Amino acid sequence: SSRARKKNSIQQTLMNKLSSASEMAHATAILDYQLQWVDKGVEYLTDNKDFCVVGVIGGQGVGKSTIASMLAGARPTGARRSYMFWPQSRDVRENGVNQTYGVYMAVSTERYIFLDTQPLLSHSLLDNIMYGDRSFMSEHLSPDTQIEIQSLQLLTFLMSVCHVLVVISDGSVDPALPALLKTAEMLKPPALDNATREEHLPHILFVYNFSNRSDFTQEQEHRDTLKLLMKHTKMVEKEVMAYWLPDNKLPVRGATPPPPQYLQYQGHASFQHCFEQLRNKVFSLPRGNLAAHPLTEKTWFHLAARVWDSLQKSQTLNFSTDNMIKKQHNPRS
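Residues 5 to 337 in our numbering are what the sequence shown spells out, letter by letter.
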């Protein structure tokens, strides 16, 4: 029938669009080590309009890359080398430095675009500015203010280009991240293409990784604290979406698991169960409009590049920077 032929034609067109993109084994940088835009990522994108962008952001060593990889399809018990985003290695962790620099992008077969970023307010990046690569040193800003501005730019960028933003902390509620989110909300453009006055804000999910038994016991108190910290913001209108994940302790290779009678209740559900709740929530959230008109993946990529460029030249950010400089020189004002 004509209806069946039309359906087959639509399916074939969609398959052609998807097959035009390169296969992705691991994430690719869209912002490099020096936070300069990289165009290579567009090779993995298509003219498909049915896509969703999920950003993952947070402090240093909180498991951003690991959780981003699991959201992209990696199994919690899978080998780390199969992850889309490189997790923190033992050497990196022991040296107190960060694994990810800039922003990396991975695309799933379901056309979810995942963005993993370098850590916000990172002490290792601060150390690198002060004692490492001197080319990053600013003439006008102290290193800590420079890191704060850089973190604000990255957060504002992700809030502008993502449908969903996953904000990860280590265990308990960190007041610095909600404060940074509220500042970024004021700085971001209304929409990705600046063609509408209707403001786009991503869905914000707070994730507390490596949580222990007491964190789960005090979950409601943590939610109340988080709700108070996120007061007077459009990002959280009705409820705070927050999830607690226990430490994902993988079994030692070759070790014999203990018999069931020696397994004790840990005071919370397993990592797999808690993560599945988070993943289901991320994938069930409605996708708001990033721009005035529906975007293709490739159009989104080019507009995201323009947003990053405009953030680096932003007069509003420059004004915020000037205020920070004045506070450095006049701490009592």
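Just so you know, even glycine gets a beta-carbon here, dropped at the ideal spot from N, CA and C.
This structure is a prediction, so every number in the text was calculated from the model and none was measured.
Q. Leaving out the 5 sequence neighbours to the left and right, which residues in its chain are closer than 6 Å to Ser70 when beta-carbon positions are compared?
A. The identity of residue 70 in the sequence shown is Thr, whereas the question assumes Ser. Closer than 6 Å at Cβ, skipping near neighbours: Pro91.
Q. Which residues in the same chain as Val171 place their Cβ atom closer than 8 Å to its Cβ, once the five residues preceding and following it in sequence are excluded?
A. Correct list, in chain order: Ile61, Gly62, Leu181, Leu185, Ile208, Leu209, Phe210 and Val211.
Q | Integer-rounded CB distance, given that Phe220 should sit under 8 Å from Gly175 | A | Contact annotation, Gly175 with Phe220: C-beta distance approximately 11 Å; criterion of less than 8 Å not satisfied.
(Q) By DSSP's criteria, Asp120 is part of a beta bridge. Which residues make up the other side? (A) Asp120 pairs with Val60 and Tyr108.
Q.
Using 8 Å as the cut-off, can you tell me whether the segment 150-162 makes contact with the segment 293-306, which would need three or more C-beta pairs spanning the two stretches below that distance?
A. Output reads no: the segment 293-306 does not touch the segment 150-162.
Q: In angstroms with no decimal places, state the Cα-to-Cα distance between Val66 and Trp248.
A: Cα to Cα, Val66 sits roughly 12 Å from Trp248.
Q.
Quick check on Phe305: buried or exposed, where buried means 16 or more other Cβ atoms within 10 Å of its Cβ?
A. Looking at its Cβ environment, which holds 16 or more other Cβ atoms inside 10 Å, Phe305 is buried.
Q: Kindly give me the distance between the Cβ atoms of Val168 and Val58, rounded to whole angstroms, as I take these residues to be in contact under 8 Å.
A: Yes, they are in contact, since the Cβ atoms of Val168 and Val58 sit about 5 Å apart, within 8 Å.
Q: Would you grab the beta carbon distance between Val311 and Leu196 for me? Rounded to a whole angstrom, and I think it's under 8 Å.
A: About 7 Å separates the two Cβ atoms, so the contact holds.
Q: Tell me whether Val168 sits in a helix, a strand or coil according to DSSP, three-state version.
A: The DSSP-derived three-state label of Val168 is strand.
Q | Per-residue DSSP class, three states only, for Pro250 | A | Here Pro250 sits in strand by DSSP.
Q: Along the alpha helix (DSSP H) that carries Asn213, what are the first and last residues, could you check?
A: Counted as a single uninterrupted DSSP element, the stretch harbouring Asn213 is not any alpha helix (DSSP H) but the beta strand (DSSP E) occupying residues His207 to Ser215.
Q. When we look at the beta-carbon of Gln64 and count the other beta-carbons within 10 Å, is it buried (16 or more) or exposed?
A. With 16 or more Cβ atoms within 10 Å of its Cβ, Gln64 is classed as buried.
Q: Give the straight-line distance between the Cα atoms of Cys278 and Thr237, rounded to the nearest whole angstrom.
A: Their backbone Cα atoms lie some 27 Å apart in a straight line.
Q. So, are the CB atoms of Val165 and Ala33 less than 8 Å apart?
A. Taking 8 Å as the Cβ cut-off, Val165 and Ala33 do not qualify as a contacting pair.
Q) When the Cα atoms are used, what is the spatial distance from Asp43 to Asn284? A) Each residue's alpha carbon lies about 31 Å from the other.
Q. According to the neighbour-count rule (16 or more other Cβ atoms, all chains shown, within 10 Å of its Cβ), is Phe287 buried or exposed?
A. So Phe287 counts as exposed.
Q.
So, at 7 Å on beta carbons, what are the nonlocal neighbours of Gly292 in its own chain, with the 5 sequence-adjacent residues on each side left out?
A. Excluding residues within five positions, the ones whose Cβ falls inside 7 Å are His167 and His204.
Q: Following the continuous beta strand (DSSP E) through Leu35, name the residue where it begins and the one where it ends.
A: Thr32 to Leu35 is the extent of the beta strand (DSSP E) around Leu35.
Q) Based on the DSSP secondary-structure assignment, which residues constitute the bridge partners of Ser173? A) Its beta-bridge partners are Tyr212.
Q: Take Lys317 and list the residues in its own chain whose beta-carbon comes closer than 7 Å to its own, dropping the five residues that flank it on each side.
A: For Lys317, where only same-chain residues beyond five positions count, there are no Cβ hits under 7 Å.
Q.
Quick check: the Cα distance between Val111 and Ala31, rounded to an integer number of angstroms?
A. One C-alpha to the other measures close to 8 Å.
Q) Going by beta carbon distance, what residues of the same chain come within less than 6 Å of Ser73, once the five residues before and after it are set aside? A) If we look at Ser73 and ignore the five residues flanking it on each side, its Cβ neighbours are Tyr87, Met88 and Phe89.
Q) How long is the line joining the alpha carbons of Arg257 and Arg85, rounded to whole angstroms? A) Bear in mind that the predicted position of Arg257 carries a pLDDT of just 49, short of 50, making it too unreliable to give a figure here.
Q.
Distance check for Leu35 and Leu119, CA to CA, integer angstroms please.
A. Taking the straight line joining both Cα atoms gives about 10 Å.
Q) For Trp41, does the three-state DSSP call read helix, strand or coil? A) DSSP places Trp41 in strand when its eight states are reduced to three.
**Q.** Pro123 beta carbon less than 8 Å from that of Gln276
**A.** Contact annotation: Gln276 and Pro123 have beta-carbon atoms that are not nearer than 8 Å.
(Q) Suppose you measure from the CA of Gln38 to the CA of Ala83; what does that come to, to the nearest Å? (A) Roughly 30 Å between the two C-alpha positions.
Q | Cα-Cα separation, Glu202 to Pro194 | A | Computed Cα separation, rounded: 7 Å.
Q: Less than 8 Å between the CB atoms is what I'm expecting for Lys302 and Asp51, so what's the real figure, rounded?
A: Indeed they touch by this definition, with Cβ atoms about 6 Å apart.
Q. Counting along the chain, where does the alpha helix (DSSP H) carrying Phe275 start and finish?
A. For Phe275, the enclosing alpha helix (DSSP H) stretches over residues Phe275 to Ser288.
Q. With 16 as the cutoff for other CB atoms within 10 Å, does Pro255 come out buried or exposed?
A. With a pLDDT of 48 at Pro255, under the threshold of 50, the modelled position of this residue cannot be trusted, and the question is left open.
Q. Do Leu233 and Pro179 have their C-beta atoms within less than 8 Å of each other?
A. Yes, the pair counts as a contact, with Cβ atoms nearer than the cut-off.
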